[in-house]
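Accompanying notes for the structure given below.
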Amino acid sequence: MAHWDFPRSSASIDILLQLAGEHGVSADACLAGTRITRDQLLLPDTMVSARDELQVARNLQTLVADPAGLGLQAGQRYHLSTYGIWGFALLSSPTLRSAIEIGLRYLDLTFIFCRLRVVEDADSLSLLLDDSEIPADMRRFMIERDAAAIMTIQRELFSGELPFRVMAFSFPADGDSARYEALFGTLPLFASPPTRAVMPQALLDMPLPQANPITAAFCEMQCRQLVARRHERSGLSGRVRDLLLRNPRHMPDMADAAGQLCLSLRSLHRHLQAEGTTWRQLVDEVREALAEELLGGGRLSVGEVSERLGYAEPASFLQAFRRWKGMTPGRWQRHAGTKFHHLR
1 MAHWDFPRSS ASIDILLQLA GEHGVSADAC LAGTRITRDQ LLLPDTMVSA
51 RDELQVARNL QTLVADPAGL GLQAGQRYHL STYGIWGFAL LSSPTLRSAI
101 EIGLRYLDLT FIFCRLRVVE DADSLSLLLD DSEIPADMRR FMIERDAAAI
151 MTIQRELFSG ELPFRVMAFS FPADGDSARY EALFGTLPLF ASPPTRAVMP
201 QALLDMPLPQ ANPITAAFCE MQCRQLVARR HERSGLSGRV RDLLLRNPRH
251 MPDMADAAGQ LCLSLRSLHR HLQAEGTTWR QLVDEVREAL AEELLGGGRL
301 SVGEVSERLG YAEPASFLQA FRRWKGMTPG RWQRHAGTKF HHLR
């Protein structure tokens with residue numbers, strides 16, 4: 001499972017839908033291929049899968065007339081308040097160093113897709129953004145979004161403009177570097193991996209203007225409890241996923257799984273409901289993730305992938321894949337930049 005594949009608040013999808021509306025793209029079009037309804041997004045405690053968030057972003061990128069710089073536009077909307085208690089924990093931290101430490105400790109409370117690593121030397125601190133586990137067609141968008149969100153967080157922590165010393169991207173320039181320079185305060189390096197934001201080391205121990213030790217301690221406690229609750233909710237779901245992954249060709253039905261887990265069918269249904277999921281949703285998530293892996297290699301036909309995932313016939317797999325992604329496997333692979341052997 002990819003490091004970014006953790007449940008998250010629906011607040012990020014709300015941001016993407018607002019951006020879509022400004023570009024003339026409907027919410028329903030952006031939600032195509034996900035398991036999310038607009039009614040669910042009205043509830044403050046709705047949790048979504050990272051894969052559904054990724055699909056919303058993919059739909060947005062596909063449907064917008066001019067997607068250049070779209071990730072930057074999105075990332076600037078991720079204010080500290082967007083992250084809830086995680087954002088307030090950073091805001092009330094005594095220094096940037098402590099804010100970074102808290103932020104990394106509870107990164108599962110964010111919406112990040114890049115793998116984030118911190119490297120400190122004598123005079124600078126670098127935030128490295130690794131995009132290697134992000135689907136190829138969405139890497140630029142997610143790098144832009146995550147980098148812009150980090151810049152937005154830094155500005156709000158210090159209540160002012162503090163440009164990065166160096167901003168470098170692994171992808172090439174798109175012909176308009178001005179928007180990057182305006183956001184990051186420096187002309188970025190392009191085609192210069194790894195993607196990184198470099199700031200002066202002296203910033204790390206500067207007091208933050210809204211530091212409050214009591215609030216910081218309370219917020220960290222809340223972050224710790226929230227992460228624990230999310231892990232608890234995913235506990236049985238994780239065991240069910242493990243069962244399904246053992247033999248994708250012959251996945252157990254719900255009754256068989258309940259027996260293997262030493263639960264009654266009713267208890268399994270009730271526990272999954274309490275964790276905010278269903279048997280059908282877990283089966284779909286496992287099959288969707290496996291389908292991406294199998295298709296990503298470019299060596300298997302639709303029929304072969306269908307058989308490995310336990311479908312009686314390719315037509316059923318094609319129908320399911322369109323429901324997940326809003327497109328055929330072949331089109332999805334072209335978007336992902338991989339080759340595909342079509343079923344003959």
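Following the UniProt record's numbering, the numbering of the sequence shown begins with 1 at its first residue and continues without gaps. Even for Gly, the Cβ is constructed at its ideal location relative to N, Cα and C.
Could you pull the start and end residues of the alpha helix (DSSP H) that S306 belongs to? V302 to R308
On the premise that G71 lies in contact with I143, defined as a C-beta separation below 8 Å, what is that separation, rounded to the nearest angstrom? 7 Å
According to DSSP, is V64 helix, strand or coil? Looking at V64 - three-state DSSP - the assignment turns out to be coil, as it is neither helix nor strand.
Nonlocal neighbours in the same chain, by C-beta distance under 7 Å from I85, ignoring five residues either side: C219, Q222, C223 and L226
So, does the region 57-69 touch the region 91-110, judging by three or more C-beta pairs under 8 Å? no
Since I believe F171 is in contact with F190 (beta carbons under 8 Å), could you give me their beta-carbon distance rounded to a whole number of angstroms? 7 Å
At least 3 beta-carbon pairs within less than 8 Å: the region 202-221 vs the region 85-94: yes
Ignoring anything shorter than 3 residues or poking outside the region 125-189, list the beta strand (DSSP E) runs there in chain order. 166-168
DSSP-derived helix/strand/coil call for A274: Three-state DSSP puts A274 in a helix.
Would you kindly work out how many angstroms separate the C-alpha atoms of L17 and L80, rounded to a whole number? 19 Å
Per DSSP, what kind of secondary structure is S98 in: helix, strand or coil? The answer is helix: DSSP assigns S98 an H, G or I state.
Who are the Cβ neighbours of Y311 in its own chain at under 6 Å, not counting the five residues just before and after it? By the criterion of a C-beta distance shorter than 6 Å, Y311 is surrounded in its chain by F317, once the five residues flanking it on both sides are discounted.
If you count every other CB in all the chains shown that lies within 10 Å of the CB of S267, and 16 or more means buried, which is it? When all chains shown are included, S267 counts as exposed.
Per-residue burial, G75 [other beta carbons within 10 Å of its own, 16 or more giving buried]: Buried, by the Cβ-count rule.
Put S93 into one of helix, strand or coil per three-state DSSP. coil
For S9, three-class secondary structure by DSSP: In the structure shown, S9 adopts extended strand secondary structure according to DSSP, grouped into three states.
When the Cα of T46 is compared with those of R35, L54 and F184, which residue comes out closest? Per the C-alpha coordinates, the member of R35, L54 and F184 positioned closest to T46 is R35.
To which residues of the same chain is L282 closer than 8 Å at the C-beta, ignoring the five residues directly before and after it? S237, V240, R241, L244 and L272
Under 8 Å between C-beta atoms of A68 and D176: Going by C-beta atoms, A68 is nearer than 8 Å to D176.
Along the chain, where does the alpha helix (DSSP H) that runs through P314 open and close? P314 to K325
State the Cα-Cα distance for the pair A168 and E181, rounded to the nearest angstrom. 11 Å
What residues in its chain sit with their C-beta under 8 Å from that of N212, if we drop five residues either side in the sequence? The residues are S92.
How many angstroms separate the CA atom of R308 from the CA atom of A228? Going by the C-alpha atoms only, they are around 35 Å apart.
Which residues DSSP lists as bridging E120, in chain order: Assignment of beta-bridge partners to E120 by DSSP yields L125.
Thinking C-alpha only, which one of L265, L54 and L204 is nearest L96? Check the Cα spacing between L96 and each of L265, L54 and L204: the tightest is with L204.
What residue range is occupied by the uninterrupted alpha helix (DSSP H) comprising V240? G235 to R246 is the extent of the alpha helix (DSSP H) around V240.
Residues of its chain near R196, where Cβ-Cβ distance is below 6 Å and the 5 sequence neighbours each way are ignored: S126, L128 and A168
Give me the DSSP bridge partner(s) of L200. The identity of residue 200 in the sequence shown is Pro, whereas the question assumes Leu. In the DSSP output, where bridge partners are listed per residue, P200 has S124.
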